[in-house]
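Below is one structure, written out as structure tokens; comments come after it.
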Amino acid sequence: MTGTRGTGSGREADGADGTSGGRGSADGHGQGPGRGAARSRAAARTAGGGHGAHRTIGGSEAWLVWGLATAFVVWLFAIQTGYGIVSPEIQRSAGLTVAQIGLAGSVYTWAFAFCQFFSGALLDRFGSRPLLAVAVAFVTVGAFLYARTTGFGTLVTAQIVIAVGAAFGFVGAGYIGGQWFPAARYGLMFGMVQSLASLGSAIGQPAISWRLEQVSWQRLLNGFGVAGVVLTVLFVLLVRNPAPGPGRVERPRSALLPSIARALGTCFGNRNVLLAAALSGVSFGSMIAMGSLWGPRLVRAQGAGESLAAALSAMSWLGLAVGAPLFNIVSNRWGSRRVPAVAGVFLQAVSVAVLICLPAGVPGVTTVVMFAVGFFSGAQMLGFTVAGESVPAALVGSSAAIVNGVCFILAGVLEAVPGRLLPDVPSLADYRSALLIMPLLLVAGAVAGLFIRDTARATTQGS
0 MTGTRGTGSG READGADGTS GGRGSADGHG QGPGRGAARS RAAARTAGGG
50 HGAHRTIGGS EAWLVWGLAT AFVVWLFAIQ TGYGIVSPEI QRSAGLTVAQ
100 IGLAGSVYTW AFAFCQFFSG ALLDRFGSRP LLAVAVAFVT VGAFLYARTT
150 GFGTLVTAQI VIAVGAAFGF VGAGYIGGQW FPAARYGLMF GMVQSLASLG
200 SAIGQPAISW RLEQVSWQRL LNGFGVAGVV LTVLFVLLVR NPAPGPGRVE
250 RPRSALLPSI ARALGTCFGN RNVLLAAALS GVSFGSMIAM GSLWGPRLVR
300 AQGAGESLAA ALSAMSWLGL AVGAPLFNIV SNRWGSRRVP AVAGVFLQAV
350 SVAVLICLPA GVPGVTTVVM FAVGFFSGAQ MLGFTVAGES VPAALVGSSA
400 AIVNGVCFIL AGVLEAVPGR LLPDVPSLAD YRSALLIMPL LLVAGAVAGL
450 FIRDTARATT QGS
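The structure is reproduced here in structure tokens:
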């Protein structure tokens with residue numbers, strides 16, 4: 000990341016192009032002697048230039064900036080949930096076909112995946128102050144475009160505009176957590192973002208459905224746009240980066256595209272980042288596929304009604320809301336990333352397998368198992384933590400973007416593949432055979448996690 004991540008462990012922070020920087024104390028202010036300290040103080044006084052830097056690591060300003068970044072993620076999830084609910088209305092009003100609605104969704108996925116791999120490197124390069132405000136503005140414009148959809152072209156344009164901004168949402172909130180808080184809290188702060196986003200999804204779906212009974216879909220989406228205008232203004236006025244830490248010497252920046260290419264090349268060349276991405280990807284992909292699409296269809300095939308199927312989907316998100324921060328807390332307590340990550344993904348595989356094999360007529364058991372699917376999926380957040388701790392501090396944003404990009408690619412695969420395996424009118428037995436791919440991939444992800452080099456001890460020691 001650009002600037003120093005103050006850490007209790009004294010972990011080195013690196014420059015914007017991966018060059019080594021200085022060490023920081025727990026609050027981000029070191030006590031280097033003599034001229035080194037004087038240079039550090041001078042750097043802190045003049046740090047407002049490029050990224051609009053402020054000073055206090057872990058203080059009230061840190062929580063304010065992190066809270067705004069998290070609000071961006073929750074708002075973004077609400078827009079995506081709202082679009083999913085109103086898409087039939089958009090289809091009817093704009094005279095679109097089901098195939099066009101599906102193609103527009105694919106365009107969003109492709110645009111998001113493409114932008115995602117660059118978002119982290121751009122955050123590492125330019126910082127959160129300019130980029131996150133611009134990202135919120137993009138999503139805001141996209142929400143207004145959604146509300147004005149009159150044809151396929153407008154809908155596709157809205158999808159692309161929102162995808163560009165959304166690529167900086169979750170990764171940007173994680174980046175803020177790494178910038179403004181000690182390194183030992185990085186995984187926990189990322190987990191809390193996921194927890195709040197999951198709660199927003201669990202609560203937002205029924206709330207949006209209820210609101211849609213009172214207002215038109217255009218007014219609903221315009222309301223999201225108005226909220227985005229307010230959020231954009233708050234980002235412009237309040238979001239800053241912390242000042243560079245002690246001993247940090249600003250170095251000349253290389254050209255933009257070669258710098259991004261080097262950042263991505265370094266992360267893709269790091270075995271730990273790739274293994275962490277594989278583990279998180281199968282965990283997140285299975286959670287999305289089972290929690291949002293195939294799980295509700297499976298339980299309906301087991302005899303559940305529509306309302307119960309919707310409630311079970313919400314239970315998986317509630318489970319993730321609990322598990323996402325908890326796995327990082329356990330990881331810090333155990334002094335290990337690998338053990339809880341592997342155990343969580345393996346238990347997620349067991350939960351999905353149990354869900355697939357459950358007989359009809361056991362709604363209570365199904366509810367508990369769906370919660371477990373989401374809860375053990377919280378282990379996915381340790382993939383972000385491992386990746387961030389496996390690269391120079393200047394590349395944490397890039398590493399998070401790669402992990403998140405792999406997560407969404409695998410989510411798309413796991414949503415699509417079972418559909419290819421199912422007949423036109425699937426039976427319960429058809430669902431069971433088609434969905435077995437998920438526990439098998441989760442076991443493979445857990446095995447991949449066994450080869451992760453554990454990064455916890457160096458980071459948590461002394462924190």
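At position 10 of the sequence shown the residue is numbered 9 (numbering that gives the first Met the number 0), and the sequence of numbers has no breaks.
The beta-carbon is built from N, C-alpha and C at its ideal position, and this holds for glycine as well.
Residue i beta carbon near the ligand GTP (any heavy atom closer than 7 Å)
i	result
T265	The ligand content of the structure shown is nil, which means the ligand GTP is not present either.
Exposure of residue i, with buried meaning 16 or more beta-carbon neighbours within 10 Å
i	result
I451	buried
D423	exposed
C356	exposed
P295	buried
A303	buried
L439	exposed
L256	exposed
W209	exposed
P251	Unreliable placement is indicated for P251, whose pLDDT of 46 sits below 50; the coordinate value is still reported in the next sentence. Label assigned to P251: exposed.
V73	buried
V192	buried
W65	buried
G264	exposed
DSSP three-state assignment for residue i, whether helix, strand or coil
i	result
D26	Confidence at D26 is low in this model, with a pLDDT of 38, below 50, so its placement is unreliable and the value that follows should be read with caution. Reduced to three states, the DSSP call for D26 is coil.
P241	strand
A262	helix
R431	helix
L319	helix
T365	helix
V214	coil
V390	coil
N269	coil
L449	coil
T528	Only positions 0 to 462 of the chain appear in this structure, which leaves residue 528 out of reach.
A443	helix
P425	coil
A103	helix
Expected contact under 8 Å - CB spacing of residue i and residue j to nearest Å
i	j	result
D123	A262	6 Å
Q115	I100	Rounded, the Cβ-Cβ distance is 23 Å, inconsistent with contact.
L434	L274	With a Cβ gap of about 25 Å, L434 and L274 do not count as contacting.
Span of the alpha helix (DSSP H), counted from its first residue to its last, around residue i
i	result
G83	S59 to A93
I521	Absent from the model: residue 521. The displayed extent of the chain is 0 to 462, so no value can be given.
A172	G168 to W179
S127	S127 to A146
V347	Note that residue 347 is Gln in the sequence shown here, rather than Val. Taken as a continuous stretch (DSSP letters only), the alpha helix (DSSP H) holding Q347 covers R337 to C356.
G304	Run containing G304: none; DSSP gives neither H nor E here.
A254	Counting along the chain, A254 falls outside any alpha helix (DSSP H), and DSSP gives it neither H nor E.
L292	First-last for L292: undefined, no H or E at that position.
V402	V395 to L420
Cβ of residue i within 8 Å of any chain C Cβ
i	result
R91	Structure shown: chain C not included; a single protein chain is present.
Other residues of its chain near residue i: CB distance less than 7 Å, five sequence neighbours each side excluded
i	result
V235	A132
G387	G177, Y185, V395, S398 and A399
A165	L75, F111 and V138
F453	Just to set this straight, residue 453 is Asp in the shown sequence, not Phe. Around D453: S335, R336 and R337.
S127	G171, Y174, I175, Q178, V238 and N240
Contacts around residue i, its chain only, beta-carbon distance under 8 Å, and the 5 residues preceding and following it disregarded
i	result
P362	A303 and L307
L449	R337 and V341
Neighbourhood of residue i by C-beta, 6 Å cutoff - its chain only, sequence neighbours within 5 removed
i	result
A146	Q217, L220 and N221
S376	S282, M286, L319 and Q347
G284	L409, A410 and L413
V442	A348
V406	In the sequence as presented, Val is not what sits at residue 406; that position holds Cys. Result list for C406: S279, G280 and F283, in chain order.
A313	A201
F370	M314 and G318
G168	F71, V72 and L75
G48	Below a pLDDT of 50, predicted positions are generally treated as unreliable, and G48, at 40, falls in that range; no measurement from the model is reported.
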